[in-house]
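As structure tokens, the structure follows; a few thoughts come after it.
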Amino acid sequence: MAGVRHVLRLESLRDDLETRLFLHEERRCLGDEEVDDGTGQDLKVRIRDLSREISALRQCAGC
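Residue 8 is where the sequence shown starts when you use the numbering used here, and the numbers rise one by one after that.
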């Protein structure tokens, strides 16, 4: 049960990061000059890492 809660927490965190990335990209589209500070790339890396961790936990749960 604790594993399920952990996966749900990670999914929630990933959803939050995806929302932040969406808003970041919208600001860039609107011409906000301060957006190109590496934040978008950092968010993408964090989302990718969380997705991998979630996938690994789900596979391990099936062991």
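From the three backbone atoms N, C-alpha and C, an ideal C-beta is built for every residue, glycine too.
What are the boundary residues of the alpha helix (DSSP H) that residue i is part of?
i	result
Asp56	Thr46 to Ala68
DSSP on residue i, reduced to helix/strand/coil?
i	result
Asp23	helix
Leu37	coil
Restricting to Cα atoms, I'd like to know which of the options is closest to residue i.
i	options	result
Asp44	Leu57, Leu28, Cys67 and Gln66	Leu28
Arg21	Asp49, Glu41, Glu40 and Asp39	Asp49
My assumption, with CB atoms under 8 Å, is that residue i sits in contact with residue j. Please give the rounded CB distance.
i	j	result
Glu60	Leu15	Actually they do not touch by this definition, with Cβ atoms about 13 Å apart.
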